Amino acid sequence: MEAKIEELERLEEETGEKQHTLINQDELELDWDQVPEELIKRTDVTPHDFGRIAAMTAKQVIQQRIREAERAMMYEEYIDRQGEVVTGIVQQAGDRNNVLVDLGKVEALLPRSEQVDGERYEQGSRIKAVITEVRSGTKGPQVILSRRDPELIKTLFELEVPEIADGLVEIRGVAREPGYRAKIAVESHAQGVDPVGACVGPRGSRVRMVVSELRGEKIDIIPWNTEPARFVAKALSPARVREVYIDDETKEATVVVPNDQLALAIGKEGLNARLAARLTGWKVDIQSDEEFAQAEAEAAFAGDGDGEGGDFSGRCAAILSNGKRCPNAALPSSRYCGVPAHQELAHQEPAEVEEVPAAEVTEEATPEEAEQLEPVAEVAEDETPA
Numbered sequence: 000m001e002a003k004i005e006e007l008e009r010l011e012e013e014t015g016e017k018q019h020t021l022i023n024q025d026e027l028e029l030d031w032d033q034v035p036e037e038l039i040k041r042t043d044v045t046p047h048d049f050g051r052i053a054a055m056t057a058k059q060v061i062q063q064r065i066r067e068a069e070r071a072m073m074y075e076e077y078i079d080r081q082g083e084v085v086t087g088i089v090q091q092a093g094d095r096n097n098v099l100v101d102l103g104k105v106e107a108l109l110p111r112s113e114q115v116d117g118e119r120y121e122q123g124s125r126i127k128a129v130i131t132e133v134r135s136g137t138k139g140p141q142v143i144l145s146r147r148d149p150e151l152i153k154t155l156f157e158l159e160v161p162e163i164a165d166g167l168v169e170i171r172g173v174a175r176e177p178g179y180r181a182k183i184a185v186e187s188h189a190q191g192v193d194p195v196g197a198c199v200g201p202r203g204s205r206v207r208m209v210v211s212e213l214r215g216e217k218i219d220i221i222p223w224n225t226e227p228a229r230f231v232a233k234a235l236s237p238a239r240v241r242e243v244y245i246d247d248e249t250k251e252a253t254v255v256v257p258n259d260q261l262a263l264a265i266g267k268e269g270l271n272a273r274l275a276a277r278l279t280g281w282k283v284d285i286q287s288d289e290e291f292a293q294a295e296a297e298a299a300f301a302g303d304g305d306g307e308g309g310d311f312s313g314r315c316a317a318i319l320s321n322g323k324r325c326p327n328a329a330l331p332s333s334r335y336c337g338v339p340a341h342q343e344l345a346h347q348e349p350a351e352v353e354e355v356p357a358a359e360v361t362e363e364a365t366p367e368e369a370e371q372l373e374p375v376a377e378v379a380e381d382e383t384p385a
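All residue numbers for the sequence shown refer to numbering that gives the first Met the number 0, where the first residue is 0 and numbers rise by one.
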């Protein structure tokens, strides 16, 4: 740059005329916004033979390049937003029941395959959906939306639950049958914060907002647990679970439930069991008390060979705090049913457990009492009916 200035000064001295040269703007450490307008000379560089047709052609080329640049920028913007939940306005239902959604800058497509059964999308209504795919097209990016993606539920809870947005509560998993039911597993990262209560909200206000956006889809909120047995049991909510037997090698969980809870645990057309399996990642086999006891008894007798090897003991020997006897059937090779508190009696020293003659225990508790009340004694072993 200094060499150019020196050359210009030399030429001016020789000719006595002002000299000019074209220089690269990048070579100037100059902020043109700070330069007064009167010091700037503007020159028309249009060729002398540049006619109307050439001007129109140049205009079209420039406009085409601008549109291409805009499409490229739009594609780059939305390709980075895959997995994000967006809000749009329904424009119209296209061919094959596809729905067009106006996102402001682009028009997105909600295919029939990504719509929820039973939902109707009225023109002009607002909906939330997940961006699942962005395709590059000649008319700009084609954005594909979904109302079935589990990410929709996660984002809706993030919007409604401040504890999730702040990182105090985390959604560890989502299992969903769109339009029918969903289960989410939540974990607290802060002492004193109940993850389930935070998601439910005061009087159910937070979860109610999510259910409303999902058009009435039922949602079960499950506390996350690192122990597979406890997690599987909670995942089968609202059913009550008696016992869970885990096989780590096969990743299978055998779940024993009270007889009256079997249908609830399985759910309509297996929905509850299916969602629990997806949420936990375990294969879930649900059996009633009666089915499990019978299967275990058959296995025990078959293993003995002569049919006398199993010591199936009939009724549970536990006596509850109200003085009544547990009504459940005992598990094979055990004097107690599958209720965890009753099974713990088997691990206590004989001197620690009071034995009561069977003749003195004449009343039978209800299944609910057997679940809720603590066992305080047991029927004397030699008097337990076989």
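Glycine included, C-beta positions come from ideal geometry on N, C-alpha and C.
Being a predicted model, the structure only gives us computed values, none of them experimental.
Rounded C-beta distance between L263 and I285? I'm assuming under 8 Å.
-> On the sequence shown, residue 263 is found 264 positions in, with the first residue counted as 1. On the sequence shown, residue 285 is found 286 positions in, with the first residue counted as 1. Contact flag wrong, Cβ pair sits at about 10 Å.
Below 6 Å CB to CB, which residues in the same chain sit around V243 once its five sequence neighbours on both sides are set aside?
-> Working through the sequence shown from its first residue, we reach residue 243 at position 244. Answer for V243: A228, V231, A232, A252 and V254, listed in chain order.
Other residues of its chain near V89: CB distance less than 7 Å, five sequence neighbours each side excluded = Within the sequence shown, residue 89 is the residue found at index 90, counting from 1. Excluding sequence neighbours, V89 sits near V98, V100, Y120, E121, Q122, G123, S124 and I126.
Three or more beta-carbon pairs under 8 Å between the segment 317-327 and the segment 354-367, yes or no?
-> yes
Counting only the same chain and skipping the five closest in sequence on each side, list residues whose C-beta sits under 6 Å from that of A58.
-> Indexing the sequence shown from 1 puts residue 58 at position 59. It should be noted that the sequence gives Lys, not Ala, for residue 58. Nothing meets the Cβ criterion.
Could you give the distance in angstroms between the alpha-carbon of V84 and the alpha-carbon of I65?
-> Translated into the one-based positions of the sequence shown, residue 84 becomes position 85. Translated into the one-based positions of the sequence shown, residue 65 becomes position 66. Their Cα atoms are separated by approximately 29 Å.
Enumerate, from N- to C-terminal direction, the unbroken alpha helix (DSSP H) stretches of 4 or more residues contained entirely within the segment 193-263.
-> 194-199, 204-212 and 227-234
Contact under 8 Å by Cβ, L319 with L372 = Your numbering for residue 319 matches position 320 in the sequence shown. Your numbering for residue 372 matches position 373 in the sequence shown. Their beta carbons are under 8 Å apart, which means L319 touches L372 by this criterion.
Through-space distance from Q114 to G178, alpha-carbon basis | Here residue 178 corresponds to residue number 179 of the sequence shown, with the count starting at 1. Here residue 114 corresponds to residue number 115 of the sequence shown, with the count starting at 1. Rounded to whole angstroms, G178 to Q114 spans 10 Å at the Cα level.
Is the segment 101-113 close to the segment 133-147, with three or more CB pairs under 8 Å?
-> yes
Contact set for T279: own chain, Cβ-Cβ below 6 Å, skip 5 residues either direction | Reading the sequence shown from its first residue, position 280 is the one you call residue 279. F230, V231 and A234.
Buried or exposed: S333, going by 16 or more other Cβ atoms within 10 Å of its Cβ?
-> Residue numbering aside, residue 333 sits at position 334 when the sequence shown is read from its first letter. The residue in question, S333, is buried, as its Cβ has 16 or more Cβ neighbours within 10 Å.
List the residues that DSSP assigns as beta-bridge partners of V60.
-> Counting from 1 along the sequence shown, the entry for residue 60 is found at position 61. According to DSSP, V60 bridges with nothing at all.
Please name the residue, chosen from M55, D165, T225 and R214, that lies closest to C198 on a Cα-to-Cα basis.
-> Residue 198 sits at position 199 when you count from the first residue of the sequence shown. Closest option to C198, Cα to Cα, is D165.
Can Q81 and E150 be called in contact, C-beta distance under 8 Å?
-> The residue labelled residue 81 in the question sits at position 82 within the sequence shown. The residue labelled residue 150 in the question sits at position 151 within the sequence shown. No. Outside cutoff.
Determine the direct distance from the alpha carbon of H346 to that of A358, and round the result to whole angstroms.
-> Translated into positions along the sequence shown, residue 358 becomes position 359. Translated into positions along the sequence shown, residue 346 becomes position 347. When rounded, the distance between both Cα atoms is 25 Å.
Could you tell me if N271 is buried or exposed, where buried requires 16 or more neighbouring beta carbons within 10 angstroms of its beta carbon?
-> Working through the sequence shown from its first residue, we reach residue 271 at position 272. Label assigned to N271: buried.
Which value, in whole angstroms, describes the spacing of the CA atoms of T225 and R171?
-> Counted from its first residue, the sequence shown places residue 225 at position 226. Counted from its first residue, the sequence shown places residue 171 at position 172. The alpha-carbon atoms of T225 and R171 are separated by roughly 11 Å.
From the DSSP output, which residues share a beta bridge with I183?
-> Translated into the one-based positions of the sequence shown, residue 183 becomes position 184. DSSP lists V173 and I220 as partners of I183.
For A292, which residues of its own chain have a beta-carbon under 7 Å away from its beta-carbon, when the five flanking residues on both sides are left out?
-> Here residue 292 corresponds to residue number 293 of the sequence shown, with the count starting at 1. The answer, listed in chain order, is A328, L330 and P331.
Using three-state DSSP, classify P374 as helix, strand or coil.
-> Counted from its first residue, the sequence shown places residue 374 at position 375. The answer is strand: DSSP assigns P374 an E or B state.
Consult DSSP for A272 and reduce its assignment to one of helix, strand or coil.
-> One-based indexing of the sequence shown puts residue 272 at position 273. Helix, per DSSP.
Considering only the beta carbon of each residue, do E212 and L155 sit closer than 8 Å?
-> Position 213 of the sequence shown, counted from the first residue, corresponds to residue 212. Position 156 of the sequence shown, counted from the first residue, corresponds to residue 155. For E212 and L155, yes; Cβs fall inside 8 Å.
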